[in-house]
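Written out below as structure tokens is the structure these notes cover.
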Amino acid sequence: MAGILVYAEVRNGAVRKASLEAVSEAARLTKELGGSVSAVLVGAAPANAGEVLGKAGASEVIALAGPKFTQYSGDGYAAAIHKVAAQMQPTAIFVASTPQGKDLAPQVAVLTHAGVASDCVGFTVAGGKLLAKRPVYAGKATLTVKAAESLLVATLRPNVFAQTDAGAPVAVTTREAGEVSLRAVVKEVLAAVANKLDVTEAPVVVSGGRGMKGPEHWGLLEALATAFGNAAVGASRAVVDAGWRPHDEQVGQTGKTVSPTLYIACGISGAIQHLAGMSSSRVIVAINKDPEAPIFKVADYGIVGDVFEVLPVLTEEVRRLRAAS
Amino acid sequence: MDVAVCVKRVPSTDTRVKVGASGTSIDPTGVQYELNPFDEFAVEEALRVKEKTGGGTVTVICLGPGDAQKELRNELARGADKAVLLKDDQLEARDAYSIARALADQIQKLNVRVVMMGKQAVDRDNGHVGSMVAAMLGYACVTEVVKMEIQGDTARCEREIEGGAREVVEAQLPAVFTAQKGLNEPRYVKLPGIMAAKKKPLEEVAAPAVAPKLTVVEMSLPPARQAGRFMGKGKEAVPELLRRLREESKVL
Ligand SMILES: Cc1cc2nc3c(=O)[nH]c(=O)nc-3n(C[C@H](O)[C@H](O)[C@H](O)COP(=O)(O)OP(=O)(O)OC[C@H]3O[C@@H](n4cnc5c(N)ncnc54)[C@H](O)[C@@H]3O)c2cc1C
Ligand SMILES: Nc1ncnc2c1ncn2[C@@H]1O[C@H](COP(=O)(O)O)[C@@H](O)[C@H]1O
């Protein structure tokens, strides 16, 4: 059977939004490629799994059950998914490009003798074949790739593909995964110190650089993020290397690639490695006291000024605007 | 404990990418190469595993062109014991699978319990070679590790997931670990290390040919960003900025 197999990632008892986006994109593509979308999840299915996955476009939802599948295991999950794939012979396997998906997809690919197109941002169909677009060099270039043989495994960047809900709920079929060995297993999840929004997931990112002068001034950025309501706080590498901020907040070529609706760079010069990680943001605002700073070359809007003067005013105005709307 | 560590040579991160004549990879003219930044963390961790377990051999492996001897020599200077260059002047023609297959064959010969890699090579940004090698060899795999400890035949690792939370992963050796920034602070190369490196073994063998599983159709550059629709000065510019964000860009 042709069609697309989508791995549905479950976290905190719910199918992840990024997986629903992957199902939606798969459903769009099968209209051209033929076949249908099957979603597969491992372990206990959330109560609404058939509903949300069906609405996103899956015509089948399979839950792979096994006594060992209470926690994620890359090799264990890959082996279980491989069994389904071997039976189904899909033209593509889609996985959301999350920390778990990135760990899992290459292991599935090896078992199914396929290559992986990583962190895809777009798909087209040409001559009956799936073409995947993916950023390389942290977004400085884009590659279009296709499977050399028949099967393409792809990971899909979250927040890029539209989630649709035109489909109909389906029933979840539970299958025994059978015997798989588990070589690496998650033992526990340590909660974040503060439950913060990830820079890769937030629609608004407020980032600070060395121009913020010290970690004690991060409250200014946090206040602006809070005023927006849906913002995460990011950082340049200079700031992370100085130990002002944890490295999971670093944006750039050796940090995270972000593409929020709005990116606000505060006291960041705009080195090429930083630009690589944020240039695909929809709108970029830069606040920097140096009018010659390279960040202004990519910014849609710029304010030449001192962050310590501009930020409090900006925060106050954003707060006022949001309260009024 | 014997450890293998895989390192890649990549265009330096300040490279301005241009598309080459083939239309499928970058124009190498004037490009400077350096060690993939994440691989420095991998090498450092390999050295620490060896030191903590009271000895062994750290073998650093690179699949790449003859020039990559330079990067390997540098890692020998940092403290690795021996190096293997799987020589291939057509590295751009390989995908992650084809690289992983060649590395896996080499690693198997070394018979190590711990394999270190970087979480991602910052050229193609795949982030696959580590998990692929693990799957090919039937080893355990832990990716994007920020903390690891080995006790006997078990490794206890921490890896970052969304929003600053961490997963604790337990892996049975042999295993492949991919290093994320934050795992350690790589040590510097010192002069005695550079002297010692000259005498350390660096073996060069032809990399086995492996057909890629992905075909590159095209490499393109993103449209250049339109700079500066509005530039204001100081805090007085805030109302105009917000008006434009709301009315022109509609992001508020
Ligand atoms: C291998 C490698 C990988 C790298 N990866 C990354 C990466 O992933 N991400 C990344 O960000 N960088 C990365 N870098 C580092 C990059 O080259 C720059 O060094 C870094 O981005 C600079 O950070 P910055 O803009 O905060 O600091 P600076 O370059 O020092 O800029 C500070 C800016 O603040 C402005 N400023 C100062 N005071 C004020 C004020 N009061 N009000 C307003 N503006 C003010 C200044 O005009 C200046 O433009 C990498 C480098 C290398 C070599
Ligand atoms: N050509 C290569 N030679 C040696 N190691 C490599 C090579 N390519 C990738 N690796 C290793 O695999 C990691 C991930 O690479 P990638 O999957 O290409 O992003 C790198 O950080 C290296 O540790």
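Chains as they are written, first to last, in this note's numbering: chain A, 45 to 369; chain B, -12 to 239. Glycine residues also receive a C-beta, built at the ideal position from the N, C-alpha and C atoms. Model, not experiment: these values are computed from the prediction.
Put simply, the backbone Cα of Gln151 (chain A) is about 25 Å away from that of Asp75 (chain B). Taking all protein chains shown into account, Met322 (chain A) has 16 or more neighbouring C-beta atoms within 10 Å of its C-beta and is therefore buried. The closest CA to that of Cys128 (chain B), considering only B:Lys187, B:Tyr20, B:Gly150 and B:Val102, is found on B:Val102.
A distance criterion of 7 Å places the beta-carbon of Val116 (chain B) in contact range of ligand 2, judged by its closest non-hydrogen atom. Counting C-beta pairs with one atom in each stretch, the region 171 to 178 of chain A and the region 111 to 123 of chain A have fewer than three that are closer than 8 Å, which means they do not touch. Residue environment analysis places Leu268 (chain A) among the buried positions, since at least 16 neighbouring C-beta atoms fall within 10 angstroms of its C-beta. Proximity to ligand 1 was defined by a C-beta distance below 5 Å to any of its heavy atoms, and the residues meeting it, in sequence along the chain, are A:Gly253, A:Arg254, A:Gly255, A:Ser280, A:Arg281, A:Ala282, A:Gly296, A:Gln297, A:Thr298, A:Gly299, A:Gly311, A:Ile312, A:Ser313, A:Ala315, A:Gln317, A:His318, A:Asn332, A:Lys333, A:Asp334, A:Ala337, A:Asp350, A:Val351, B:Thr0 and B:Pro24. By the Cβ neighbour-count rule, Gly10 (chain B) is exposed, with fewer than 16 other Cβ atoms within 10 Å of its own. For Thr142 (chain A), the C-beta contacts it makes with chain B under 9 Å involve Ile148 and Glu149, in order along the chain.
Among the bridge pairs identified by DSSP, Met182 (chain B) is matched with none. Not one heavy atom of ligand 2 sits closer than 7 Å to the Cβ of Asn239 (chain A). The nearest non-hydrogen atom of ligand 2 is less than 7 Å from the C-beta of Asn113 (chain B). Look at Gly219 (chain B): its C-beta is under 8 Å from a C-beta on chain A. Rounded to whole angstroms, the Cβ separation of Val139 (chain A) and Phe113 (chain A) is 17 Å, and the two are not in contact under 8 Å. For ligand 2, no non-hydrogen atom lies closer than 7 Å to the CB of Gln115 (chain A).
Nearest to Ile137 (chain A) by alpha-carbon distance, out of A:Gln144, A:Ala153, A:Lys146 and A:Lys177, is A:Ala153. Listed along chain B, no residue sits closer than 9 Å to Asn274 (chain A) by beta-carbon distance, the nearest being about 11 Å off. By the criterion of a C-beta distance shorter than 6 Å, Glu69 (chain A) is surrounded in its chain by Phe205, once the five residues flanking it on both sides are discounted.
Below 8 Å, too few C-beta pairs join the region 217 to 232 of chain B and the region 197 to 217 of chain A to call them touching: fewer than three. Of all C-beta pairs linking the region 207 to 227 of chain A to the region 259 to 276 of chain A, fewer than three are shorter than 8 Å, placing the two stretches out of contact. When C-beta distances to chain B are compared with 7 Å, the residues of the region 213 to 231 of chain A below that value are Arg227, Ala228, Val229, Val230 and Lys231, in chain order. When secondary structure is reduced to three states using DSSP, Phe340 (chain A) falls in the helix class.
Taking non-hydrogen atoms of ligand 2 into account, the C-beta of Lys(-5) (chain B) is found less than 7 Å away from one of them. For Gly117 (chain B), same chain residues with a beta-carbon under 7 Å away, outside a window of 5 residues either side, are Met104, Cys128, Thr130, Val163 and Thr165 in chain order. Sixteen is the threshold: when 16 or more other Cβ atoms of the shown chains lie within 10 Å of the Cβ of Leu64 (chain A), as they do, the residue is buried. For Ser63 (chain A), the closest Cβ of chain B is not nearer than 8 Å.
Burial is judged here by how many other beta carbons sit within 10 angstroms of a residue's own beta carbon; Gly42 (chain B) has fewer than 16 and is exposed. Interface criterion not met: the Cβ of Asp92 (chain B) is under 8 Å from no Cβ in chain A. A direct Cα-Cα distance of roughly 5 Å separates Lys37 (chain B) from Met(-12) (chain B). Within the chosen limit of 7 Å, ligand 2 does not reach the beta carbon of Cys164 (chain A) with any heavy atom. Nearest C-alpha to Glu27 (chain B) among B:Val(-6), B:Thr44, B:Met135 and B:Gly53: B:Val(-6). In this structure the region 306 to 317 of chain A touches the region 329 to 336 of chain A; the number of beta carbon pairs closer than 8 Å is three or more.
Any Cβ of chain A closer than 8 Å to the Cβ of Arg231 (chain B) would place that residue at the interface, and such an atom is present.
Taking the Cβ of Gln93 (chain B) as the reference point, every heavy atom of ligand 2 lies at 7 Å or farther away. DSSP places Ser323 (chain A) in no beta strand (DSSP E); its state is neither H nor E.
Taking C-beta atoms as the reference points, Lys187 (chain B) and Asp68 (chain B) count as a pair closer than 8 Å.
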